[in-house]
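Counting from 1, one number per residue, gives the positions in the sequence shown under full-length UniProt numbering.
For glycine and all other residues, C-beta sits at the position ideal for the given N, C-alpha and C.
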Amino acid sequence: MSHRDIWMVGDLQGCCRSLETLMRHPDITAGDDPRFWFAGDLVNRGPDSLRTLRSVIALGDRAVSVLGNHDLHLLGIAAGLRKVGKSDTFDEILNAPDAEALLDWIRHCPLAHYEHGHLMVHAGVLPQWSVADTLELAAEVQKDLRAPDWRQRLQTMYGNEPSQWRDDLDQEGRRRIVINALTRLRMCDAQGRMEFRHKLAPTEQDWNDSGLLPWYDAPGRRTRDEATIVFGHWSTLGLLMRPDVICLDTGCVWGRSLTAVRLGDRKVVQVDCTDQAGADC
């Protein structure tokens, strides 16, 4: 299929009406059996996580979704490793008659997806990693998540340390840093040391005051000249389109918009959440 028929879609987070409105947009329906790449966080915080998840699953091989931190949070709750937060909207999924099948589908999603010179992850990529490194490391964690004993393996994947990549990390450290980079990263320092408290849009003052900068501007980032990195996760950053990076998270669940970008020509389609989806947000 031509890369012109691929639409890259930002964080859904349970906003199913917005997704349905987006899928009816004439620029998207005009395509010849379009494909969709979802940037992760299909579920949570929005009002209809179950229907959103089913809608994406129903697309079959026309869709690929990378894992986001909220998707992993759902797996952690199902495994008894995480507590349900007051803003979590997982109950319908966990209580569904086919809950186990839904969880199986989620845990078989990739952490990174590469095609046509574009690498999609939910959050970010450490500066030390090439595209090949990223895909290899993602595959290691994916193997654990897809194993029959995935609940036990998931136990060692939570925590903020190690915060910086080293080639000699043990298996548990590798799992944790890969998950954190691919699903949680926003800011890091010049050496690629991750910082997870910063959630606002980056400013020059961040770098001057704290030594932090967006992961995609880290010095010596190896993926810069290898691929366009496509990601979500950063609603305060919003739509960002550069030759080397595309951010798709435009805060649908916070009442803003849901964004899709066509891979072939960077055509942008946005659905205004407040006006078009109402109760979704």
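**Request:** Please list the segments of the alpha helix (DSSP H) lying wholly inside the UniProt domain "Calcineurin-like phosphoesterase" (6 to 144), counting only runs of 4 or more residues, in order along the chain.
**Result:** 16 to 23, 26 to 29, 49 to 58, 69 to 78, 91 to 94, 99 to 107
**Asked** Can you round the beta-carbon distance between Leu263 and Ile6 to whole angstroms, since I take them to be within the 8 Å contact cut?
**Response** By one-based count along the sequence shown, residue 263 stands at place 263. By one-based count along the sequence shown, residue 6 stands at place 6. Confirmed, Cβ separation roughly 4 Å.
**Item:** Per-residue DSSP class, three states only, for Asp217
**Value:** Taking the sequence shown and counting its residues from 1, the one referred to as residue 217 is at position 217. Correct three-state label for Asp217: helix.
**Request:** Would you check if the distance between the CB atom of Leu42 and the CB atom of Leu53 is smaller than 7 Å?
**Result:** For the purposes of this step, residue 42 is taken as residue 42 along the sequence shown, with counting starting at 1. For the purposes of this step, residue 53 is taken as residue 53 along the sequence shown, with counting starting at 1. A contact, by the Cβ cut-off of 7 Å.
**Item:** Assigned secondary structure, Thr156 (DSSP; H/G/I helix, E/B strand, else coil)
**Value:** Translated into positions along the sequence shown, residue 156 becomes position 156. Residue state, collapsed to three classes: helix.
**Asked** Around the Cβ of Ala227, are there at least 16 other Cβ atoms within 10 angstroms (buried) or fewer (exposed)?
**Response** Numbered from 1 along the sequence shown, position 227 holds the residue referred to as residue 227. Buried, since its Cβ has 16 or more Cβ neighbours within 10 Å.
**Selected residue, minimal CA-CA separation from Arg45, among Met23, Ser87, Trp207** = Taking the sequence shown and counting its residues from 1, the one referred to as residue 45 is at position 45. Minimum Cα distance to Arg45 is reached at Ser87.
**Message:** Within a Cβ cutoff of 8 Å, which residues of the same chain sit near Arg193, ignoring the five residues on either side of it in sequence?
**Reply:** Here residue 193 refers to the residue found at position 193 when the sequence shown is read from its first residue. Closer than 8 Å at the Cβ level, and outside the excluded window around Arg193, lie Ser163, Gln164.
**Request:** Taking only runs that begin and end inside the region 216 to 261, name each unbroken beta strand (DSSP E) of 3 or more residues, in chain order.
**Result:** 228 to 231, 245 to 247
**Asked** What does DSSP give as the partner residues of Leu268 in its beta bridges?
**Response** Position 268 of the sequence shown, counted from the first residue, corresponds to residue 268. The amino acid occupying residue 268 in the given sequence is Val; Leu does not appear at that position. Looking at the DSSP assignment, Val268 forms a beta bridge with Val261.
**Prompt:** What span of residues does the alpha helix (DSSP H) with Glu204 cover, start to end?
**Reply:** Numbered from its first residue, the sequence shown carries residue 204 at position 204. Taken as a continuous stretch (DSSP letters only), the alpha helix (DSSP H) holding Glu204 covers 204 to 210.
**Prompt:** Quick one: is Asn160 buried, meaning 16 or more other Cβ sit within 10 Å of its Cβ, or exposed?
**Reply:** Taking the first residue of the sequence shown as 1, we reach residue 160 at position 160. That one is exposed.
**For Glu195, the residue or residues it bridges with in DSSP** = Position 195 of the sequence shown, counting from 1, holds the residue named residue 195. Answer by DSSP bridge pairing, in chain order: Met187.
**Prompt:** What's the gap between the Cα of Lys199 and the Cα of Asp61?
**Reply:** Within the sequence shown, residue 199 is the residue found at index 199, counting from 1. Within the sequence shown, residue 61 is the residue found at index 61, counting from 1. Approximately 33 Å, taken between the alpha carbons.
**Message:** Restricting to Cα atoms, I'd like to know which of Leu103, Arg221, Thr250, His113 is closest to Leu237.
**Reply:** Numbered from its first residue, the sequence shown carries residue 237 at position 237. Among Leu103, Arg221, Thr250, His113, the Cα nearest to that of Leu237 belongs to Thr250.
**Nearest to Cys15 (by Cα), restricted to the options Trp37, Gln191, Val56, Phe231** = Translated into the one-based positions of the sequence shown, residue 15 becomes position 15. For Cys15, the nearest C-alpha among the options comes from Val56.
**Residues of its chain near Pro219, where Cβ-Cβ distance is below 8 Å and the 5 sequence neighbours each way are ignored** = Position 219 of the sequence shown, counting from 1, holds the residue named residue 219. These residues qualify, in order along the chain: Pro127, Ala190.
**Message:** Quick check on Ala30: buried or exposed, where buried means 16 or more other Cβ atoms within 10 Å of its Cβ?
**Reply:** Along the sequence shown, one-based indexing puts residue 30 at 30. Under this definition Ala30 is an exposed residue.
**Asked** What whole-angstrom Cβ distance do Ile106 and Leu135 have, given they're in contact under 8 Å?
**Response** One-based indexing of the sequence shown puts residue 106 at position 106. One-based indexing of the sequence shown puts residue 135 at position 135. The pair is not a contact, with the Cβ atoms about 20 Å apart (cut-off 8 Å).
**Prompt:** Between Phe36 and the rest of its own chain, which residues show a CB-CB distance below 7 Å, the 5 nearest in sequence each way excluded?
**Reply:** Within the sequence shown, the letter at position 36 stands for residue 36. Result list for Phe36: Trp7, Val9, Leu59, Arg62, Ala63, in chain order.
**Asked** Within this structure, are the beta carbons of Arg153 and Asp144 separated by less than 7 Å?
**Response** The residue labelled residue 153 in the question sits at position 153 within the sequence shown. The residue labelled residue 144 in the question sits at position 144 within the sequence shown. Going by C-beta atoms, Arg153 is nearer than 7 Å to Asp144.
**Asked** If we ignore side chains and look at the alpha-carbon of each, how far apart do Met1 and Gly211 end up?
**Response** The residue you call residue 1 lines up with position 1 of the sequence shown. The residue you call residue 211 lines up with position 211 of the sequence shown. For Met1, the predicted structure reports a pLDDT of 46, less than 50, and the residue's modelled location is therefore unreliable. A value from the coordinates is still provided. In a straight line, the C-alpha of Met1 is about 44 Å away from that of Gly211.
**Asked** Do you know offhand how far Tyr216's Cα is from Cys109's?
**Response** Indexing the sequence shown from 1 puts residue 216 at position 216. Indexing the sequence shown from 1 puts residue 109 at position 109. The alpha-carbon atoms of Tyr216 and Cys109 are separated by roughly 24 Å.
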